[in-house]
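Asks:
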Amino acid sequence: MTYFPVLLTVACHIAKNYLAHLLNVKIPLILGVWGGKGQGKTFQTELIFQAMGIVPVIMSAGELESEWAGEPGKLIRERYRTASQVVQNQGKMSCLMINDIDAGLGRFGNTQMTVNNQIVSGTLMNLSDNPTRVSIGQDWRESDITNRVPIIVTGNDFSTLYAPLIRDGRMEKFYWQPTQEDIVNIVHRMYEKDGISRDEVVSIVETFPNQALDFYGALRSRTYDRSISKWVEDIGGVEKLGNKLLRRRKDEELPVFTPPEQTVEALLESGYSLLREQQLIMETKLSKEYMKNMDD
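Numbering (the UniProt record's numbering), first residue to last: 1 to 296.
1) Starting from residue 172, follow the beta strand (DSSP E) in both directions and report where the run begins and ends.
2) Could you have a look at residue 235 and say whether DSSP puts it in helix, strand or coil?
3) Pick helix, strand or coil for residue 203, following the three-state DSSP scheme.
4) Run through the region 61-118 for me and flag every whole alpha helix (DSSP H) of 4 or more residues, listed as ranges in chain order.
5) Does the pairing of the region 246-257 with the region 271-289 give three or more beta-carbon distances under 8 angstroms?
6) DSSP puts residue 35 in a beta bridge; with which residues?
7) Where residue 279 and residue 171 are concerned, what is the direct C-alpha to C-alpha distance, given to the nearest angstrom?
8) CB-CB under 8 angstroms to residue 69, same chain, minus the five flanking residues each way: which ones, in chain order?
9) Who are the Cβ neighbours of residue 148 in its own chain at under 7 angstroms, not counting the five residues just before and after it?
10) With three or more C-beta pairs closer than 8 angstroms as the rule, is the region 73-84 touching the region 203-221?
11) Please work out which residues of its chain come closer than 8 angstroms, Cβ to Cβ, to residue 35, disregarding the five sequence neighbours upstream and downstream, and give them in chain order.
12) I need the boundaries of the alpha helix (DSSP H) containing residue 187, first residue and last residue.
13) For residue 166, which of helix, strand or coil comes out of DSSP?
14) What does a CB cutoff of less than 8 angstroms around residue 217 pick up in its chain, not counting 5 residues either side in sequence?
15) If you measure between the beta carbons of residue 59 and residue 113, is that distance less than 8 angstroms?
16) Within its chain, find whatever has a CB closer than 8 angstroms to the CB of residue 237; leave out the 5 residues flanking it on each side and keep chain order.
17) Taking just the CA atoms, how far does residue 110 sit from residue 137?
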């Protein structure tokens with residue numbers, strides 16, 4: 001397995017937190033992996049979880065807000081304790097991971113800060129300062145010690161977060177901006193089962209420069225469209241798709257789906273199609289047609 005900088009950083013952060021009681025230094029509980037959209041932050045973090053045998057407890061930005069004040073903060077503490085129980089009951093390493101934290105906790109322009117934003121920030125700060133004492137409203141017990149588990153968050157712009165939360169003593173930050181070499185290596189891993197050589201990957205990446213990593217994943221996915229359309233025709237067309245997929249008899253088998261044979265030509269064709277869609281969105285800007293006074 002090729003280890004990219006983000007993977008080494010995540011692995012080091014996890015190791016440091018599990019060794020915190022042996023180290024005579026202050027270890028930040030939270031690791032913030034941030035960078036441009038679609039650069040594989042979450043994907044690569046999950047890869048290192050698999051490689052290290054870690055059982056993560058995962059949250060999304062959508063869980064950081066609620067109609068009830070205090071619920072997201074309580075949920076974070078509950079998930080943290082769940083990760084701690086994985087360590088205690090299963091004997092496996094665990095961590096709490098929050099994806100796209102700035103989408104739920106960041107402040108953009110004139111958006112209003114809610115009570116839950118404040119409580120979530122305060123909860124994460126308190127966990128960083130007291131990672132072994134985590135209350136979810138139960139009676140106080142001196143023996144109620146929670147196993148320390150690392151917290152990993154991903155996002156695009158941490159400057160929108162509450163400044164005391166991201167200070168160095170609480171959060172270790174890692175900016176992930178893959179180099180050309182990183183992109184080639186990662187894309188080659190995506191395509192290696194398709195028989196695409198490294199030199200061919202280099203030509204694809206050079207044909208579509210300045211694209212996020214998820215562009216090359218979408219490019220590969222787009223090559224399946226023609227094969228899937230043919231498969232739909234083989235089962236009787238779009239009118240019968242629902243019946244065939246969901247209401248067929250138990251002894252009735254679906255036609256075999258044959259994945260397309262990947263070629264550089266097919267991948268390039270898909271890439272140009274995606275590129276046209278990107279350019280169309282940027283050039284058309286229909287929102288200005290629908291909201292003609294938006295610039296006033």
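All C-beta atoms, glycine included, are put in the ideal place defined by N, C-alpha and C.
Replies: So, from the data block:
1) Looking up residue 172 in the sequence shown gives position 172. First-last of the beta strand (DSSP E) with residue 172: 171-175.
2) Taking the first residue of the sequence shown as position 1, residue 235 is located at position 235. Note: residue 235 maps to coil in three-state DSSP.
3) What you label residue 203 is simply residue 203 of the sequence shown in a count that begins at 1. In the structure shown, residue 203 sits in a helix (DSSP, three-state: H, G or I).
4) 71-90, 101-105
5) no
6) Within the sequence shown, numbered from 1, the residue matching residue 35 stands at position 35. DSSP lists no partner for residue 35.
7) Against the sequence shown, residue 279 aligns to sequence position 279. Against the sequence shown, residue 171 aligns to sequence position 171. So the alpha carbons of these two residues sit roughly 38 angstroms apart.
8) Position 69 of the sequence shown, counted from the start, is the residue given in the question as residue 69. Same-chain partners within the cutoff: 115, 116, 119.
9) Taking the sequence shown and counting its residues from 1, one reaches residue 148 at position 148. So the qualifying residues of the chain are 17, 20, 131, 132.
10) no
11) In the sequence shown, residue 35 corresponds to position 35, counting from 1. The residues are 41, 156, 175, 176, 177.
12) Residue numbering aside, residue 187 sits at position 187 when the sequence shown is read from its first letter. Residues 180-191.
13) Walking along the sequence shown from the start, residue 166 turns up at place 166. Of the three classes helix, strand and coil, the one that applies to residue 166 here is helix, per DSSP.
14) Locating residue 217 in the sequence shown gives position 217, counting from the first residue. Here the set comprises 190.
15) The count along the sequence shown starts at 1 and reaches residue 59 at position 59. The count along the sequence shown starts at 1 and reaches residue 113 at position 113. No. Outside cutoff.
16) Position 237 of the sequence shown, counted from the start, is the residue given in the question as residue 237. Excluding residues within five positions, none has a Cβ falling inside 8 angstroms.
17) As a first step, residue 137 is located in the sequence shown; it is residue number 137 there, counting from the start. As a first step, residue 110 is located in the sequence shown; it is residue number 110 there, counting from the start. Straight-line Cα distance between these residues: approximately 34 angstroms.
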